[in-house]
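I have placed the structure first, in the form of structure tokens, so that the comments after it can refer back to it.
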Amino acid sequence: MQRTVAVSEYDPQALQAKWQQRWEEQDPYRASEDPADPRERRYMLDMFPYPSGDLHMGHGEVFAIGDVIARFWMQQGYNVLHPIGWDSFGLPAENAAIRRNAHPAEWTYANIETQATSFRRYAVSFDWSRRLHTSDSDYYRWNQWLFNRFFERGLAYRKGGLVNWCPNDQTVLANEQVVAGKCERCGADVIRRELTQWYFKITDYAQRLLDDMDQLDSWPERLLTMQRNWIGRSEGADVLFEIEGRDEPVHVYTTRPDTLFGATFFVVAADAALADEIVTDEHRAGFEAYRAEVAKLSDIERLATDKEKTGVFLGRYAINPVNGERIPVWAADYVLSDYGHGAIMAVPAHDQRDLDFALKFGLPVKVVVHTGLADPGETGEATPGEGTLVNSGPLDGLSKVEAIARIIEILERDGRGTGAVNFRLRDWLLSRQRFWGTPIPIIHCPDCGEVPVPDEQLPVTLPDMRGEALAPKGVSPLASATEWVNVECPKCSGPAQRDTDTMDTFVDSSWYFLRYCSPGYTDGPFDPEQVRKWGPIDQYVGGIEHAVLHLLYSRFFTKVLHDMGMVDFTEPFIRMLNQGQVINGGKSMSKSLGNGVDLGQQIDDFGVDAVRLTMIFAGPPEDDIDWADVSPAASQKFLARVLRVMSEATSEPGVPFERGDVELRKVTHRTIDEVTRLVESHRFNVAVARMMELTSATRKAIDSGPGPADPAVREAAESLAIMLSLVAPYTAAEGWERLGRTGPVAFAGWPVAEPELLVQESVTCVVQVAGKVRDRLEVPPGIGEDDLRALALASEKVAPYLQNAPRKVIVRAPKLVNIVP
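Residue numbers (the numbering used here): 22 to 842.
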């Protein structure tokens, strides 16, 4: 009879205290730098945390997942780099400092120590010798050094224009940091503001960012799709439109140059400099009032398809380059100043937004593509699809593809346009009007212009400012630090001023993974030789919310560094694994909903191993975990059972396992084989289920089989200890010691399944009808789906439940057939 194991016999807190102290003394997870070390290197990286407080449930999930992979590689004999650091610049620290009348560093580093203590308790296999903080001056010095290299290559530049402005955080935002018209950090409505800012020229790498995705076939397709959509490559033509009264023609980018003959009006973004330039005196007052209203709208609101179209006539006419027709020029909000050239040709018959605008303001609608659908001017429904060109002179009768090629030939022949490629991606706006970030290493001299701070004068460190001095004012708080701001020009020694903006914190995280390879290196941001040895990263684990921001910027940085000869790869992360969220009661955890779960409290109540096991066993890594639906108490009971099994194996270490019970050995080796493949494919939850099955089989062998002294019991128990070490390191370490083994279980070596013990003469296939078990068939392990379906339908026990041919037969060979009558 199987024994029940009381949870009271399992004391997770005592295990944690015992083994954490040993691991502190041993520091077992340091990656080796010994050139004579023959082991193959692997680099496992978790997205590093922001120190906003103690670790939360999301941290509990992502670091448990990453640790499974790192520990699996260690068990397989690889030399594994698994580092930790903190993304420690940013607004939360600055806002906390303002509230507390303190310096942001005080809050930041106190939280880092809190998280570091919790990480050690959580038993993540970090190499603590490589710890870094991006707010340390010996880290952000290299942000500044890299900025200067980008500046020298023309990849860092300053320009004026409309930018996204968060009125709450009082700083500009990159396009990627605006989500549905709101600041991704605080949720405030973002407005547009005219400012001169620093940019990284990521658009120079747009095509390479797309092309190099061919290297990322191990990334989730959803993530790649998000990046492709954000980069937004399109092919079309740049068309030159003359504007009456303007000397220079206006460039218009269009993906449908085949519809040029249908352009009946011309639209300029209301906030574009072109609109202000060409509006006539007669129409200026109305235009300026309209532009002020548009400035209150976010880009998302302006582009919304269900928003009523608005606009004003500018009193000018453009000349359609293909037929010479005069078409009116309007300013409108549904065109953005940073798309293409900030102006479009409007073809209302074949674009819904243009049609809505035309119908509202009584502008002509001209069909130039016959699609077989009714006239858009009558139905109010544009026909954007393909068809045959009509009313288009030399294009009549051509298909869309033929017409595009032909009109580009005509435009290029006549000097009125060219074929062109456009990208949705815009240059990365990186300057911020806040204190707690990397100072931009530029000095503004009235005579010399923008002068980089010489490398030997780096880092430009932050002055000592705190409390109310950091309060947002619409300009950087650094502007008020006059002694810090006023300096000599490095070129002419005349009076000059430092740039008072700081860098976007995504600059910090765009290359931190390279610094881990040599965190103490002083001759550059990283040692290129060490990066060659460790890079690129073999496995990266983190949230899908970073699909565009962090990952796109990291890919861009890597390509620039490759062009500089500093790294020998063009993609930083070979494999990417996105974890889901930890939710509660079907909803994201939040204070307002009162459904938050405290990770520390869960660990106090159930122990680290039970929490980690629950995270891993809840489902595939990519799925959300609803904490209301899982049971760390049940995980604790399982850990008590498996530790009891490991404690009761009484055969001496070293006795050949071949002398043990064959049936238990078969179960053990099938489990090893399956768990190995499941971990490699990131099906960690199923791997845990297989360990649970082996625990039950071993328990049965102890209680009613060959007994605890059988060598097969020891083999099963030792295999369990090694496999369980990926998920529950404290329990595994204790079980390994109780088995009489010396040395860390984390490096015991992954067990290898013996092929002869994997052979199965038959397996049991369950046959269900309408969800109920009606028969069990003994079938060969390699049986095909068609043969298994035929056997199930021919079963005498199944026949009475099938009056007619079944609607569906679901076969999961060799173990399940589900018949839907």
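Backbone N, C-alpha and C define an ideal beta-carbon position, used for all residues, glycine too.
Answer yes or no: do residue i and residue j have a C-beta to C-beta separation smaller than 8 Å?
i: Tyr355; j: Arg305; result: no
i: Gln165; j: Pro480; result: yes
i: Leu809; j: Pro835; result: yes
i: Ala85; j: Met636; result: yes
i: Val386; j: Val411; result: no
i: Phe319; j: Asp210; result: Per the sequence shown, residue 319 should be read as Ser rather than Phe. Yes, Cβ-Cβ distance for Ser319 and Asp210 is below 8 Å.
i: Ser746; j: Val766; result: yes
i: Leu685; j: Ala733; result: yes
i: Pro462; j: Phe168; result: yes
i: Ser609; j: His571; result: no
i: Thr301; j: Leu335; result: yes
i: Ala296; j: Phe308; result: yes
i: Thr482; j: Thr523; result: no
i: Leu886; j: Gly406; result: Residue 886 lies beyond the range of the chain shown here (22 to 842); nothing can be said about it.
i: Ala316; j: Arg447; result: no
i: Met68; j: Ala568; result: no
i: Met597; j: Leu244; result: yes
i: Gln845; j: Pro593; result: Outside the displayed span of the chain (22 to 842) sits residue 845, for which this structure offers no information.
i: Glu643; j: Asn599; result: yes
With residue i and residue j assumed to form a contact (beta carbons below 8 Å), what rounded beta-carbon distance in angstroms separates them?
i: Ala353; j: Ala291; result: 6 Å
i: Gly628; j: Gln236; result: With a Cβ gap of about 41 Å, Gly628 and Gln236 do not count as contacting.
i: Ile133; j: Ser109; result: 6 Å
i: Thr692; j: Leu715; result: 4 Å
i: Arg662; j: Arg720; result: 7 Å
i: Tyr130; j: Lys180; result: No, Tyr130 and Lys180 are not in contact; Cβ-Cβ is about 36 Å, not under 8 Å.
Give the secondary structure of residue i by DSSP, where H, G and I count as helix, E and B as strand, and everything else as coil.
i: Asp210; result: strand
i: Arg633; result: helix
i: Glu775; result: coil
i: Ala339; result: strand
i: Leu798; result: strand
i: Glu782; result: coil
i: Phe262; result: strand
i: Leu194; result: strand
i: Gln789; result: strand
i: Arg833; result: strand
i: Arg453; result: strand
i: Gln518; result: strand
i: Gly764; result: coil
i: Leu380; result: helix
i: Ser530; result: coil
i: Asn412; result: coil
i: Ser158; result: helix
i: Ile595; result: coil
i: Trp186; result: strand
i: Gln23; result: Low per-residue confidence applies at Gln23: pLDDT is 33, beneath 50, and the placement is therefore not dependable, though the value from the model is reported in the following sentence. Coil.
i: Pro641; result: coil
i: Met524; result: strand
Nearer than 7 Å: is that true of the beta carbon of residue i relative to any heavy atom of the ligand GDP?
i: Gly681; result: Absent from the structure shown: the ligand GDP. Ligands present: none.
Mind checking who residue i pairs with in its DSSP beta bridge?
i: Tyr537; result: Bridge partners of Tyr537: none, in fact.
i: Gln560; result: Met65
i: Arg441; result: Reading off the sequence shown, one finds Ala at residue 441, where the question assumed Arg. Gly257.
i: His465; result: Glu471, Gln518
i: Gly181; result: Thr217
i: Leu391; result: Reading the sequence as shown, one finds His at residue 391 and not Leu. For His391, which the question treats as bridged, DSSP gives the partners Thr409.
i: Glu509; result: Pro516
i: Ala364; result: Val289
i: Asp148; result: Pro104
i: Val333; result: Ala352
Below 7 Å CB to CB, which residues in the same chain sit around residue i once its five sequence neighbours on both sides are set aside?
i: Val696; result: Ala708, Arg711, Met712, Met744
i: Asp796; result: Val788, Ser816, Lys818, Val819
i: Asp375; result: Ala367, Val368, Pro369
i: Gln616; result: Before going further, note that residue 616 is Asn rather than Gln in the sequence given. Cβ neighbours of Asn616 beyond the five flanking positions: Asn605, Gly606, Lys608, Met610.
Which residues in the same chain as residue i place their Cβ atom closer than 6 Å to its Cβ, once the five residues preceding and following it in sequence are excluded?
i: Pro125; result: Ala114, Glu115, Ala118, Trp457
i: Leu634; result: Ser656, Val748, Ala749
i: Asn189; result: Cys207, Ala209
i: Thr192; result: Arg453, Gln454, Arg455
i: Ser146; result: Tyr50, Asp88, Ala91, Arg92, His103
i: Cys469; result: Cys510, Lys512, Cys513
i: Leu778; result: Arg686, Lys687, His690
Can you give me the Cβ contacts of residue i inside the same chain, cut-off strictly under 8 Å, excluding the 5 residues immediately before and after it?
i: Asp476; result: Trp166, Asn169
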